[in-house]
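Trainee: There's a structure below that I have some questions on.
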Amino acid sequence: GLVFLGFPLHPAGAPSESRARHLFDVEIPMLFLQGARDALAERGLLETVVARLGARATLRLVEDADHSFHVPARSGRSDEEVRGELWRALNEWIGSWQ
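Under my numbering, residues 1069 to 1166 are what the sequence shown spells out, in order.
Structure, rendered in C-alpha coordinates:
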(Lines of atoms letter the chains of each structure in order from A and count residues from 1; the text may use other names and numbers.)
(Lines give C-alpha, C1' and ligand atoms only; values in the text may rest on other atoms or scores of the structure.)
Protein backbone atom coordinates (compact mmCIF):
# COMPACT_ATOMS: atom_id res chain seq x y z
CA GLY A 1 0.00 0.00 0.00
CA LEU A 2 0.85 3.68 -0.09
CA VAL A 3 1.10 5.94 2.93
CA PHE A 4 0.90 9.70 2.51
CA LEU A 5 2.20 11.84 5.36
CA GLY A 6 0.59 15.20 4.70
CA PHE A 7 -0.56 14.78 1.10
CA PRO A 8 -0.09 18.18 -0.62
CA LEU A 9 -3.49 18.39 -2.29
CA HIS A 10 -3.03 22.01 -3.38
CA PRO A 11 -0.79 25.05 -2.88
CA ALA A 12 -1.44 27.04 0.29
CA GLY A 13 -4.31 29.44 -0.26
CA ALA A 14 -5.34 27.90 -3.59
CA PRO A 15 -7.77 25.03 -2.85
CA SER A 16 -8.06 22.54 -5.70
CA GLU A 17 -8.25 18.80 -6.31
CA SER A 18 -5.95 18.86 -9.36
CA ARG A 19 -3.02 17.20 -7.57
CA ALA A 20 -5.21 14.19 -6.77
CA ARG A 21 -6.12 13.20 -10.33
CA HIS A 22 -3.48 10.47 -10.56
CA LEU A 23 -4.75 8.81 -7.37
CA PHE A 24 -7.80 7.50 -9.19
CA ASP A 25 -5.48 5.26 -11.25
CA VAL A 26 -3.92 3.73 -8.11
CA GLU A 27 -5.40 0.34 -7.33
CA ILE A 28 -3.61 -0.50 -4.07
CA PRO A 29 -4.63 0.56 -0.55
CA MET A 30 -3.78 4.13 0.44
CA LEU A 31 -3.53 5.73 3.87
CA PHE A 32 -3.66 9.50 4.16
CA LEU A 33 -2.25 10.75 7.47
CA GLN A 34 -3.11 14.42 7.51
CA GLY A 35 -3.00 17.34 9.88
CA ALA A 36 -6.47 18.79 10.36
CA ARG A 37 -4.98 22.31 9.99
CA ASP A 38 -2.85 21.52 6.92
CA ALA A 39 -2.73 24.60 4.67
CA LEU A 40 -1.83 22.34 1.72
CA ALA A 41 -4.95 20.19 1.98
CA GLU A 42 -8.27 21.85 2.76
CA ARG A 43 -10.03 19.32 4.95
CA GLY A 44 -13.34 19.21 3.08
CA LEU A 45 -11.64 18.79 -0.29
CA LEU A 46 -9.41 15.98 0.95
CA GLU A 47 -12.36 14.22 2.59
CA THR A 48 -14.21 14.40 -0.74
CA VAL A 49 -11.26 12.98 -2.68
CA VAL A 50 -10.79 10.12 -0.21
CA ALA A 51 -14.51 9.32 -0.28
CA ARG A 52 -14.44 9.17 -4.08
CA LEU A 53 -11.44 6.81 -3.97
CA GLY A 54 -13.65 4.36 -2.09
CA ALA A 55 -12.59 1.47 0.11
CA ARG A 56 -8.98 1.53 -1.08
CA ALA A 57 -8.41 4.87 0.68
CA THR A 58 -8.37 5.68 4.38
CA LEU A 59 -8.05 9.15 5.90
CA ARG A 60 -6.78 9.68 9.44
CA LEU A 61 -6.81 13.28 10.60
CA VAL A 62 -4.56 14.50 13.38
CA GLU A 63 -6.53 17.18 15.19
CA ASP A 64 -4.81 20.56 15.62
CA ALA A 65 -1.83 19.46 13.47
CA ASP A 66 -0.46 21.44 10.53
CA HIS A 67 1.27 20.13 7.38
CA SER A 68 4.38 19.18 9.40
CA PHE A 69 2.22 17.61 12.13
CA HIS A 70 3.15 20.32 14.61
CA VAL A 71 0.41 21.22 17.07
CA PRO A 72 -0.01 24.47 19.01
CA ALA A 73 1.00 24.44 22.67
CA ARG A 74 -2.64 25.04 23.64
CA SER A 75 -3.45 21.54 22.31
CA GLY A 76 -1.68 20.10 25.35
CA ARG A 77 0.17 17.59 23.15
CA SER A 78 3.85 17.39 22.28
CA ASP A 79 5.34 16.58 18.89
CA GLU A 80 6.39 13.23 20.37
CA GLU A 81 2.78 12.43 21.29
CA VAL A 82 1.64 13.35 17.78
CA ARG A 83 4.32 11.07 16.28
CA GLY A 84 3.01 8.29 18.52
CA GLU A 85 -0.50 8.91 17.21
CA LEU A 86 0.80 8.68 13.64
CA TRP A 87 2.60 5.39 14.37
CA ARG A 88 -0.50 3.91 15.98
CA ALA A 89 -2.65 4.90 13.02
CA LEU A 90 -0.12 3.38 10.62
CA ASN A 91 0.12 0.14 12.62
CA GLU A 92 -3.68 -0.18 12.81
CA TRP A 93 -3.97 0.36 9.06
CA ILE A 94 -1.26 -2.19 8.26
CA GLY A 95 -2.93 -4.65 10.63
CA SER A 96 -6.24 -4.21 8.84
CA TRP A 97 -4.74 -5.57 5.60
CA GLN A 98 -3.37 -8.79 7.07
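Glycine residues also receive a C-beta, built at the ideal position from the N, C-alpha and C atoms.
Values in this document were obtained by computation on a predicted structure and should not be read as measured data.
Using alpha carbons as the reference points, say which of Asp1147, Ser1146 and Phe1137 lies closest to Phe1072.
Mentor: It is Phe1137.
Trainee: Within 10 Å of its beta-carbon, does Gln1102 have 16 or more other beta-carbons around it, so buried, or fewer, so exposed?
Mentor: Classification of Gln1102: buried, given that the 10 Å Cβ count is 16 or more.
Trainee: By Cβ distance, which residues of its chain are closer than 6 Å to Val1094, with the 5 residues on each side in sequence left out?
Mentor: Contacts found: none.
Trainee: Give me the Cα-Cα distance between Leu1158 and Leu1127, rounded to the nearest whole angstrom.
Mentor: Straight-line Cα distance between these residues: approximately 11 Å.
Trainee: When the Cα atoms are used, what is the spatial distance from Ser1143 to Trp1165?
Mentor: Taking the straight line joining both Cα atoms gives about 32 Å.
Trainee: Three-state secondary structure (DSSP) at Ala1088?
Mentor: Residue state, collapsed to three classes: helix.
Trainee: Can you list, in chain order, the residues of its chain with a C-beta nearer than 7 Å to that of Glu1069? Leave out the 5 residues immediately preceding and following it.
Mentor: Residue identity differs from the one stated: residue 1069 is Gly in this sequence, not Glu. Here the set comprises Ile1096, Pro1097, Met1098, Leu1099 and Trp1165.
Trainee: Could you name the residues of the same chain whose beta carbon sits closer than 8 Å to that of Phe1092, not counting the 5 residues immediately before and after it, in chain order?
Mentor: Arg1120 and Leu1121.
Trainee: Need the endpoints of the alpha helix (DSSP H) that Leu1077 sits in, please.
Mentor: That residue, Leu1077, is in no alpha helix (DSSP H); it is neither H nor E in DSSP.
Trainee: Give the secondary structure of Ala1141 by DSSP, where H, G and I count as helix, E and B as strand, and everything else as coil.
Mentor: The answer is helix: DSSP assigns Ala1141 an H, G or I state.
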